[in-house]
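Numbering (our numbering), first residue to last: 34 to 216.
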């Protein structure tokens, strides 16, 4: 088994997902195919850093780093995460939002550094395309995860927050990037 991590960073609300991934194989029509199964019960959630509690950017970033690092430490041993995908922010016009998202992405990278062998940034649309889920709504993605990977019972226990869904997309993209590369 190996683990992957997906993070959807934001200054005020960061989603994360840790997947347990297991190699396997299936035989169909006399041919054997490699398979990859997932366990989403390792850890998924959202880290909130509300403006009321953390009025300035610096205090929100410190809290985000502390909380993300703590949650990752609880879920997996050091360097057991093979790959981490951090979703890159997409901001059109607001420079303040762009700077805050960039800072939150940097904090997520630092928190994941002690956990993951490899960390990369990927745009949300790249991660979705890698999984073949471009253009679907969050509700469609929830159903797709359940039918595609057969863990709808596990998924029903998770709060279907959009930040968690995006983090799950990133963690799955990390799994497919890692598949076959682990020992």
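Each residue gets a CB set at the ideal place from its N, CA and C atoms; glycine is no exception.
Suppose the cutoff is 6 Å on Cβ atoms and the five residues either side in sequence are ignored; what does the same chain contact list for residue i look like?
| i | result |
| --- | --- |
| residue 81 | 46 |
| residue 121 | 154 and 156 |
| residue 44 | 93, 133 and 137 |
| residue 87 | 93 and 96 |
How about residue i and residue j: are their beta carbons less than 8 Å apart?
| i | j | result |
| --- | --- | --- |
| residue 58 | residue 49 | no |
| residue 36 | residue 115 | yes |
| residue 77 | residue 200 | yes |
| residue 141 | residue 101 | yes |
| residue 98 | residue 166 | no |
| residue 75 | residue 105 | no |
| residue 152 | residue 117 | yes |
| residue 119 | residue 145 | yes |
Cutting at 7 Å between CB atoms, please list the residues of its own chain near residue i, excluding the five before and the five after it.
| i | result |
| --- | --- |
| residue 164 | 202, 205 and 206 |
| residue 34 | 53, 54 and 55 |
| residue 68 | 57, 58 and 59 |
May I ask you to report which of helix, strand or coil DSSP gives residue i?
| i | result |
| --- | --- |
| residue 148 | coil |
| residue 101 | helix |
| residue 194 | coil |
| residue 44 | coil |
| residue 80 | strand |
| residue 56 | strand |
| residue 51 | strand |
| residue 115 | strand |
| residue 165 | coil |
| residue 63 | coil |
| residue 37 | strand |
| residue 170 | coil |
| residue 126 | coil |
| residue 90 | helix |
Taking DSSP's pairing of strands, which residues face residue i in a bridge?
| i | result |
| --- | --- |
| residue 155 | 120 |
| residue 72 | 53 |
| residue 85 | Beta-bridge pairing links residue 85 to no other residue. |
With a CB to CB cut of under 8 Å and the five nearest residues on each side skipped, what residues in its chain are close to residue i?
| i | result |
| --- | --- |
| residue 107 | 76 |
| residue 162 | none |
| residue 83 | 45 |
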